[in-house]
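Asks: FYI, in the numbering used here the residues of the sequence shown are 1 to 444.
Each residue gets a CB set at the ideal place from its N, CA and C atoms; glycine is no exception.
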Amino acid sequence: MWIADDNSGLYGGNELGFQNFVISGPASNNISKMYFFEDQILALHGSFNDNLIIPDYFEGFSLFENAGWEVISTDVLPFGNYMDIIGGSNAGIKAVSFGDGLLDFDDLEVTNSGTAGSPLVAASSEDRSTLLTGVGFDSRCNLWVSNYDSPQPLHRRDPQGNWTSFSFSAQSARFPISLAINEFDDVWMRLDPEEGGGIMVFNVEEDQDNLLTTAENSGDLPSRNVTDVVFDREGQAWIGTEQGIAFIPNPFNIFDESGFDAIRPIFENRFLLEDEFITSIAVDGGNRKWIGTRNGIWLFDASGENLISNYTIDNAPLPDNTIVDIEVNPFTGEIFIATTKGLVSIRGASTKVSRKHLNVKIFPNPVRPGFTGEIGISGLAEDAIVKITDIGGRLIREVIAAGGTATWDTRGFGGKTAESGIYLVFSTSPDGDETFVGKIAVIR
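The structure is reproduced here in structure tokens:
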């Protein structure tokens, strides 16, 4: 007998006893941000909305690892309403709250405006709320924190625990709503569009800053309402706004005194997604761009000029077309997609690259009757050449890996579906120094 229960999930059993089956999942469908750290996906629940209004629920965060979820509830956390979270290899997990300060997760230590020696500033003397919106690590393991509505909106804590605070001449820089750090240790802060918007870029070593706006020679962004900033595998800065996408190909020139403007990719004779409100951008192992909007997901190639796929509730198992955040597991190629109605993940066709074949996996294998998708071959050398032959050595298909992953739709060059049998996989790096041989069983 099987019993579906509204509160407790599924029960199954017989006269000898029953067992409760509960599907592993995050604490809530309300997921505001995700972050990949050491083979884990960290999902935050609750955040402020577009008008910076704090929700009336606090649900902590959830952690996905080894195909299962662990819920870190507010019962064990000192506060809720987490805005951003990050992990450092030697520094553990840090999270910031829009109201309560900075949390060192390993020892549950809290730092806010009331902590001795802390430079963090409260929004007002009445409520003492410490409005932190972003957190990140640079290459030297310095921790950076953005502090909303503060004369010194950016703070750095070195590995020894010493704080340094920074201020900027632009009034809008007092209101950062997130931060991102690139390979040059430049700190990019998205600014509240209600207070001027744009992006403040800061480099502490050169003591330089630059405010990017919609003005020419000052960024020429599609909109002052910047919704996301990410850096791709070539170091380019990709910027999402409420009116489409732009990118900066040479971020190391961001402080050029002669001016600097972003580039808007062209797709179908128009600026890329210029009518779309961009909610999230993610980059996979093949440097492809996964772009979330309020109308589904767009997957483009590395340049942003060629569309690979467009996912909506009409052609994919998305809970909703309004995408909140996208995060990539670069080693497995799995794409995690948070929507306003819950979370879903799909197996991507591109993984993090290496010059060598490492832990090559073929999935699914065997290919069973009824399977109509693509076989993924991950762990390959970067841009490997993959040849698939039958057991007699006759070439069936040849593909180039996207990053460290190649896919085969089980069809030959002529489009004919492969019959039952054993097929061989020969993978070679472009220079011929790295090779791999594997087998695929196809059962029709």
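Can you give me the Cβ contacts of residue 445 inside the same chain, cut-off strictly under 6 angstroms, excluding the 5 residues immediately before and after it?
Replies: No information on residue 445 is available, as it lies outside the stretch 1 to 444 that the chain covers here.
Asks: For residue 265 versus residue 303, is the C-beta distance shorter than 8 angstroms?
Replies: By 1-based counting over the sequence shown, the position of residue 265 is 265. By 1-based counting over the sequence shown, the position of residue 303 is 303. Going by C-beta atoms, residue 265 is nearer than 8 angstroms to residue 303.
Asks: Within the chosen definition, does the region 390-410 reach the region 367-382 through at least 3 CB pairs nearer than 8 angstroms?
Replies: The answer is yes - the region 367-382 touches the region 390-410, with three or more Cβ pairs under 8 angstroms.
Asks: Count the other CB atoms within 10 Å of the CB of residue 95; is the residue buried (16 or more) or exposed (fewer)?
Replies: Mapped onto the sequence shown, residue 95 falls at position 95. Buried.
Asks: May I have the straight-line CA-CA distance separating residue 499 from residue 250, to the nearest angstrom?
Replies: Not covered by the structure: residue 499. The range shown for the chain is 1 to 444.
Asks: Our contact map puts residue 441 next to residue 366 with C-beta atoms below 8 angstroms; I'd like the distance itself, whole angstroms only.
Replies: Position 441 of the sequence shown, counted from the start, is the residue given in the question as residue 441. Position 366 of the sequence shown, counted from the start, is the residue given in the question as residue 366. Indeed, because the Cβ distance is near 4 angstroms, the residues count as touching under 8 angstroms.
Asks: Nearest CA to the CA of residue 93: which residue from 347, 136 and 65?
Replies: Residue mapping note: residue 93 aligns to position 93 of the sequence shown, counting from 1. That would be 136, whose Cα lies nearest to the Cα of residue 93.
Asks: Are three or more beta carbon pairs between the region 275-294 and the region 327-335 nearer than 8 angstroms?
Replies: With the cut-off at 8 angstroms, the region 275-294 and the region 327-335 touch.
Asks: Let me know the beta strand (DSSP E) ranges lying completely inside the region 117-158, each 3 residues or longer, listed in chain order.
Replies: Counting whole runs of 3 or more residues, the region 117-158 contains the beta strand (DSSP E) stretches 130-137, 143-147 and 154-157.
Asks: Helix, strand or coil for residue 160, going by three-state DSSP, please let me know.
Replies: Taking the sequence shown and counting its residues from 1, one reaches residue 160 at position 160. DSSP places residue 160 in coil when its eight states are reduced to three.
Asks: Can you grab the Cα-Cα spacing for the pair residue 344 / residue 319, in whole Å?
Replies: As a first step, residue 344 must be located in the sequence shown, where it is residue number 344. As a first step, residue 319 must be located in the sequence shown, where it is residue number 319. Taking the straight line joining both Cα atoms gives about 7 angstroms.
Asks: For the region 26-36 against the region 6-14, are there 3 or more C-beta pairs whose distance is under 8 angstroms?
Replies: These segments do not touch.
Asks: Are residue 85 and residue 44 closer than 8 angstroms when you measure CB to CB?
Replies: As a position in the sequence shown, residue 85 is number 85, starting the count at 1. As a position in the sequence shown, residue 44 is number 44, starting the count at 1. Their beta carbons are under 8 angstroms apart, which means residue 85 touches residue 44 by this criterion.
Asks: Considering Cα atoms alone, identify which of 41, 422, 146 and 399 is closest to residue 430.
Replies: The residue given as residue 430 occupies position 430 in the sequence shown. Cα-wise, what sits closest to residue 430 is 399.
Asks: Rounding to the nearest angstrom, what Cα-Cα distance links residue 211 and residue 78 in this structure?
Replies: For the purposes of this step, residue 211 is taken as the residue at position 211 of the sequence shown. For the purposes of this step, residue 78 is taken as the residue at position 78 of the sequence shown. Near 36 angstroms, if we compare the C-alpha coordinates of residue 78 and residue 211.
Asks: Starting from the C-beta of residue 428, find all residues in its chain whose C-beta is less than 6 angstroms away, skip the five residues before and the five after it, and write them out in chain order.
Replies: Mapped onto the sequence shown, residue 428 falls at position 428. Excluding positions up to five away in sequence, the list reads 385 and 435.
Asks: In angstroms with no decimal places, state the Cα-to-Cα distance between residue 299 and residue 117.
Replies: Counting from 1 along the sequence shown, the entry for residue 299 is found at position 299. Counting from 1 along the sequence shown, the entry for residue 117 is found at position 117. Taking the straight line joining both Cα atoms gives about 46 angstroms.
Asks: For residue 188, which option in 194, 133, 291 and 151 has the closest C-alpha, if you only look at C-alpha atoms?
Replies: As a first step, residue 188 must be located in the sequence shown, where it is residue number 188. Among 194, 133, 291 and 151, the Cα nearest to that of residue 188 is on 133.
Asks: Would residue 291 pass as a contact of residue 311 if the rule is Cβ separation under 8 angstroms?
Replies: On the sequence shown, residue 291 is found 291 positions in, with the first residue counted as 1. On the sequence shown, residue 311 is found 311 positions in, with the first residue counted as 1. In this structure, residue 311 does not lie closer than 8 angstroms to residue 291 by Cβ.
Asks: Straight-line CA distance for residue 97 to residue 383?
Replies: For the purposes of this step, residue 97 is taken as residue 97 along the sequence shown, with counting starting at 1. For the purposes of this step, residue 383 is taken as residue 383 along the sequence shown, with counting starting at 1. Rounded to whole angstroms, residue 97 to residue 383 spans 41 angstroms at the Cα level.
Asks: Using DSSP's beta-bridge definition, name the partner residues of residue 176.
Replies: Start at 1 with the first residue of the sequence shown, and residue 176 comes out as number 176. Residue 176 pairs with 191.
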